[in-house]
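If you're matching positions, the sequence shown starts at 3 in the numbering used here and goes up one per residue.
Data first, discussion second: the structure below is written as structure tokens.
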Amino acid sequence: NVEQDADVKGDAMLLQMLINNLIENAVKYSPKESPITATLTKTGRKVQLSIADQGPGIPDDEKKKVFKKFYRVGNEATRKTQGTGLGLYLCSKIARDHNADISVTNNSPHGTNFAVTFNP
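This is the structure:
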């Protein structure tokens with residue numbers, strides 16, 4: 003879903019990388035054929051991109067850590083998916099470089115919602 007007039011100015015390649023990383027994470031950590039929702043909304047002068055999945059979610063005590071370089075949720079014995087721990091770190095850096103805030107919350111009834119709020 004894309005709201006009209008929800009424009010974001012910035013480096014197109016970096017913004018595409020941010021969107022791709024968030025969608026790839028949602029696909030990677032969600033059951034096959036489960037819905038992934040992408041929305042772009044505008045409230046006042048702020049624009050928000052949200053990517054929500056129906057995966058297992060991220061424990062509350064690890065939510066802030068997921069944006070750290072090389073950080074991965076869980077440990078090697080419990081991880082079923084491969085990754086480097088760089089995707090969300092890069093997303094947070096791209097967001098900062100575009101005067102945006104990135105956050106992660108629970109998606110109801112289960113899963114994860116990543117939101118990137120672009121400030122004017």
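Even for Gly, the Cβ is constructed at its ideal location relative to N, Cα and C.
Note that the structure is predicted; figures quoted are calculated from it, not measured.
From the options, residue whose alpha carbon lies closest to that of residue i
{"i": "A117", "options": "K67, F72 and T43", "result": "T43"}
{"i": "Q56", "options": "K30, C93 and N3", "result": "K30"}
{"i": "P61", "options": "A8, V4 and T107", "result": "T107"}
{"i": "T39", "options": "F120, S110, K66 and N121", "result": "S110"}
{"i": "F120", "options": "K67, T86 and T45", "result": "T45"}
{"i": "A97", "options": "F72, K34 and L16", "result": "L16"}
{"i": "L20", "options": "C93, S105, I104 and G113", "result": "C93"}
{"i": "K48", "options": "K66, A8 and I25", "result": "A8"}
{"i": "K67", "options": "A54, I104, E35 and I53", "result": "I104"}
{"i": "A14", "options": "E26, D99 and I53", "result": "D99"}
Local conformation of residue i per DSSP, three classes
{"i": "K48", "result": "strand"}
{"i": "I38", "result": "coil"}
{"i": "S110", "result": "coil"}
{"i": "V68", "result": "helix"}
{"i": "D103", "result": "strand"}
{"i": "I60", "result": "coil"}
{"i": "T80", "result": "For T80, the predicted model reports a pLDDT of 39, less than 50, meaning its position is unreliable; a value from the coordinates is still stated below. Correct three-state label for T80: coil."}
Cβ-heavy atom distance, residue i to the ligand MN, below 7 Å
{"i": "P61", "result": "As presented, the structure is devoid of all ligands, the ligand MN included, so that no description of it is given."}
Residue span of the alpha helix (DSSP H) that contains residue i, given as start and end
{"i": "N121", "result": "No alpha helix (DSSP H) contains N121, which DSSP labels as neither H nor E."}
{"i": "R74", "result": "Careful: R74 lies outside any alpha helix (DSSP H) and carries neither H nor E."}
{"i": "I96", "result": "G89 to D99"}
{"i": "E5", "result": "No alpha helix (DSSP H) contains E5, which DSSP labels as neither H nor E."}
Local Cβ density within 10 Å of residue i, reported as buried at 16 or more and exposed below that
{"i": "Q6", "result": "exposed"}
{"i": "Q50", "result": "buried"}
{"i": "V75", "result": "buried"}
{"i": "T86", "result": "exposed"}
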